[in-house]
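The block underneath contains the structure these notes are about, expressed in structure tokens.
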Amino acid sequence: SNLDDLDFAAAQIAKYIATGHSHTSNHLPIIVISAFKNYTDELVRMNQTFAQEPSSFIITVGEQITAGLFALALAKYGVPAKAFAGWQVPIIISEKYEDHLFADTSKIQNTLDRGILPVITGFQGVDEEGNIRDLGRGGSDLTAIYLAKVFNTVCVLLKKSGGVCSADPDLIPQCFVWDKIGYDNLLHLAQSGSKIIQKDALLVAKANNIKLKVTGIDFTTQTIVDAQNQDFWSVFEFNHKLRIVATKMAQMLEQYGYREQDGFYEFGRAYFDMRLEASKIYDICKQNLWVA
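In our numbering, the protein residues as written are -7 to 284.
Structure representation (structure tokens):
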């Protein structure tokens, strides 16, 4: 979100390495980083002053700033690091490749072999002609999951929520983090409008059975994502409407005024107290779906 979060995350990575997890290049983490919160939105707004079509050259700048800063922050904690833009790796975005992506891993591997942490811009790549391209909103998830695929390693996604929650914490502060859910569970969330992880990234993770963990920058809670789907629910806001993704709740949700819309349920009344309604339906989900 900001410089303080970036500094804290760098300290956590340094602590992870110092505790003995990463004595060899095979166990050094590859860092993929996003832009600061709302920074890409601001770049899009500036872009729209002159053109409605977003320019990848402009809107991917935020990731280069945070990658450079994160490398400096790691060095502050005694961890040598080198920042790479997507076009430097390069990460090539083209429909001719599986997953529409190809990464030349030689620079990353060489950096790891020298005991240096590569810090790579998420979201950004180039086409076959060298033009900067982007991977869509949330594309840093796709960069990270794709690199986990080509390096045959686990992908740990650090999110503000600290894992996949049973509700948006801003709506339901007492919500909890699911210990484990399935790829399809998470895809259902993404397709319903939840922004926890990009849909295209999840499709790559599922197709390649990539080991996936969702956690926070303090690593205190986490969700393991694998092929085994679970009974679960999530309550969140989308475009000022309340949405529910839940299993085994269809008739009950409809009784409470929710209507099915492409696999999720939405509360469509024009005027209602968002927090009050969220709390009410959350308690109903908890009573009917959660087995303690």
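Glycine included, every Cβ here is placed at the ideal spot set by N, Cα and C.
Just so we're clear, the structure is a prediction, and the values are computed from it rather than from any experiment.
- In this structure, DSSP gives A270 a helical state, which the three-state scheme calls helix.
- G260 sits exposed, since fewer than 16 C-beta atoms from the chains shown fall within 10 Å of its C-beta.
- Non-local beta-carbon contacts of I100 in its own chain, meaning distances under 6 Å to residues more than five positions away in sequence, involve P110 in chain order.
- If you keep only unbroken alpha helix (DSSP H) runs of at least 4 residues inside the region 163 to 221, you get 175 to 183, 191 to 199.
- Contact between A270 and V227 is confirmed by a C-beta separation of about 5 Å, below the 8 Å threshold.
- Taking a cut-off of 8 Å for Cβ pairs, the region 229 to 241 and the region 128 to 143 do not touch, as fewer than three such pairs fall below it.
- In the three-state reduction of the DSSP assignment, T11 falls in the helix class.
- D91 is positioned such that its CB atom lies no closer than 7 Å to that of V156.
- Put simply, the backbone Cα of I84 is about 16 Å away from that of F143.
- In this structure, A136 is the residue among A136, F0, W225 with its C-alpha nearest to the C-alpha of I202.
- Sorting N(-6), S(-7), F0, D(-4) by C-alpha distance to the C-alpha of F211 places F0 at the top.
- Residue state for V111 is assigned as strand, using DSSP reduced to three classes.
- Per the coordinates, the alpha-carbon of K172 lies some 18 Å from the alpha-carbon of I209.
- Judged by DSSP secondary structure, I100 falls outside any beta strand (DSSP E) and instead within the alpha helix (DSSP H) spanning 98 to 105.
- With contacts defined by Cβ atoms closer than 7 Å, G154 and S132 do not form a contacting pair.
- Contact between the region 16 to 33 and the region 44 to 59 is present, with at least three C-beta pairs closer than 8 Å.
- Within its own chain, the residues whose Cβ lies closer than 7 Å to the Cβ of D176, once the five positions on either side in sequence are excluded, are N221, listed in chain order.
- Following the DSSP letters along the chain, one finds D126 inside the beta strand (DSSP E) bounded by residues 124 to 126.
- A check of alpha carbon separations from G117 across I276, L93, Q253 identifies L93 as the nearest.
- About 7 Å separates the Cβ atoms of L179 and K198, confirming a contact at the 8 Å cut-off.
- Contact between A73 and I108 holds, with the beta-carbon distance rounding to 6 Å and staying under 8 Å.
- Put simply, of N200, A159, Q4 the residue whose alpha carbon is nearest the alpha carbon of L134 is N200.
- Using a Cβ distance threshold of 7 Å, Y274 and I164 count as a contacting pair.
- With respect to the C-alpha of E229, the residue from F264, M241, E246 having the closest C-alpha is F264.
- Annotation for K141: the continuous alpha helix (DSSP H) segment containing it runs 131 to 142.
- For Q243, the uninterrupted alpha helix (DSSP H) segment begins and ends at 242 to 247.
- For Q44, the three-state secondary structure derived from DSSP is coil.
- Per the C-alpha coordinates, the member of I51, Y257, A67, F42 positioned closest to G185 is Y257.
- Y31 sits in a helix when the DSSP states are folded into three classes.
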